[in-house]
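A.B. asks:
Number of protein chains: 2
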Amino acid sequence: MNDQQQLCVKMVLDAWTKEIGATNALLEKLSDEQLMQEVSPTRNRGVYLLGHLTAEHDEMLSLLRFQEAMYPELMPVFMDAPDRTVATLPSIQQLRAQWNAVNDTLMEHMNRLSADEWFTRHANISEEDFPKEPHRDRLNVIVSRTSHLAYHRGQLALLEGK
Amino acid sequence: MNDQQQLCVKMVLDAWTKEIGATNALLEKLSDEQLMQEVSPTRNRGVYLLGHLTAEHDEMLSLLRFQEAMYPELMPVFMDAPDRTVATLPSIQQLRAQWNAVNDTLMEHMNRLSADEWFTRHANISEEDFPKEPHRDRLNVIVSRTSHLAYHRGQLALLEGK
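First to last, the sequence lines map onto chains A and B.
When we follow our numbering, the leftmost residue of the first sequence carries the number 1, and every step to the right adds one.
When we follow our numbering, the leftmost residue of the second sequence carries the number 1, and every step to the right adds one.
1. Does the distance from the CB of A/SER62 to the CB of A/ALA123 come in under 8 Å?
2. With three or more C-beta pairs closer than 8 Å as the rule, is the region 3-15 of chain A touching the region 4-11 of chain B?
3. Going along chain B in order, which residues have a C-beta closer than 7 Å to the C-beta of A/HIS57?
4. Hey, would you say A/GLU19 sits closer than 8 Å to A/THR146, going by beta carbons?
5. Could you list which residues in chain A have their beta carbon closer than 8 Å to that of B/VAL39, in chain order?
6. Under 8 Å Cβ-Cβ, which residues of chain A neighbour B/VAL141?
7. In whole angstroms, give me the CA-to-CA distance for B/ASP32 and B/ARG43.
8. Candidates B/ASN103, B/TRP16 and B/SER40: which alpha carbon is nearest B/GLU160's?
9. With 9 Å as the limit, tell me which residues of the region 89-116 of chain B have their beta carbon closer than that to any beta carbon of chain A; keep them in chain order.
10. Alpha carbon to alpha carbon, what distance is there between A/GLY154 and A/GLU38?
11. Is DSSP giving A/ASP83 helix, strand or coil here?
12. DSSP three-state call for A/GLU56: helix, strand or coil?
13. Taking 6 Å as the limit between beta carbons, can you name the residues of its chain near B/MET79, skipping five residues before and five after?
14. So the candidates are B/ARG84, B/ASP83, B/LEU53 and B/THR85; which of them puts its Cα closest to the Cα of B/PRO165?
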């Protein structure tokens with residue numbers, strides 16, 4: 001462990017925290033009515049993207065080998081199925097609470113991890129294969145999920161003023 | 001320099017390369033006519049976002065202390081001014097070419113940088129102040145611009161099927 005390694009881990013984690021903060025600030029500004037709108041005609045509704053992001057972050061809990069998913073029932077609705085194909089969605093109020101709970105739980109686990117532990121494998125690669133693909137570590141999960149979140153935040157931002 | 005530090009730099013640069021690749025694949029699918037559409041009613045047009053991303057990446061050339069911007073004339077049109085306030089925009093054909101030229105030039109410089117050099121200051125912080133804020137290094141420019149690109153790629157993706 002050296003300074004630059006610690007710094008690199010810090011930059012990746014700070015980018016995650018910043019992206020979560022920006023998304024939360026946006027979600028606070030958006031009303032439940034706005035979240036029921038499509039981000040663009042015929043495309044996903046805000047409520048679907050909120051559920052999708054919550055399910056994706058919930059899945060990170062197991063991918064990062066922290067704990068089991070908190071709300072596995074979100075997966076078939078917001079990951080496997082496209083928007084408007086499931087008759088009854090959870091309420092936006094409930095999804096907002098689950099979004100916060102999942103991210104808070106993730107952050108608690110993340111804060112407990114040492115810089116070295118970020119370079120250990122994520123759950124989708126075995127201990128045997130990991131030495132051959134050392135980039136498939138826990139830190140890379142944060143790197144890729146930060147981009148995923150930014151991608152959908154860009155879409156959710158289009159609901160402002162609707 | 002140790003293995004984990006090299007790995008961390010590689011993960012950040014790979015995320016950038018992947019995001020550029022995904023954006024290029026999307027831009028190839030989008031026709032010039034689609035790029036003239038708004039990503040959502042009353043919001044930015046595709047052509048503006050393409051110019052905006054090109055101007056932002058062009059600015060990275062000097063921020064990363066590589067070279068001067070290649071197309072500084074894009075800045076007032078696509079960074080300082082909002083969409084639809086400038087009478088005449090460059091053609092989409094020209095913007096597509098500039099987008100590719102800027103990213104190719106960035107990548108050439110990036111490939112020449114050693115892992116250690118990524119942890120040196122970017123151009124917006126002085127040599128005197130850098131030791132107090134060591135996270136303001138060149139690598140962090142890539143981290144933040146990867147999220148910025150993902151944010152707008154999420155919006156450009158809404159033009160598919162329009």
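Glycine is no exception: its CB is placed at the ideal position from the N, C-alpha and C atoms.
None of these values were measured; they are calculated from a predicted model.
C.D. replies: Straight from the coordinates:
1. For A/SER62 and A/ALA123, yes; Cβs fall inside 8 Å.
2. Contact between the region 4-11 of chain B and the region 3-15 of chain A is present: three or more C-beta pairs spanning the two stretches fall below 8 Å.
3. For A/HIS57, none of the residues of chain B pass the 7 Å Cβ criterion, the least Cβ distance being about 16 Å.
4. The criterion of a C-beta distance shorter than 8 Å is satisfied by A/GLU19 and A/THR146.
5. Within 8 Å Cβ-Cβ: SER40 and LEU158.
6. Counting only Cβ-Cβ distances below 8 Å, B/VAL141 has no contacts in chain A at all, with the closest Cβ about 10 Å away.
7. Roughly 18 Å between the two C-alpha positions.
8. Per the Cα distances, B/SER40.
9. Hits within the stretch, in order: ALA115 and ASP116.
10. If I take the Cα positions, the gap works out to 13 Å.
11. In this structure, A/ASP83 counts as coil in the three-state DSSP scheme.
12. A/GLU56 carries a helical assignment under DSSP once its states are collapsed to helix, strand and coil.
13. ALA55.
14. The question about residue 165 of chain B has no answer, for chain B in this structure spans 1 to 162.
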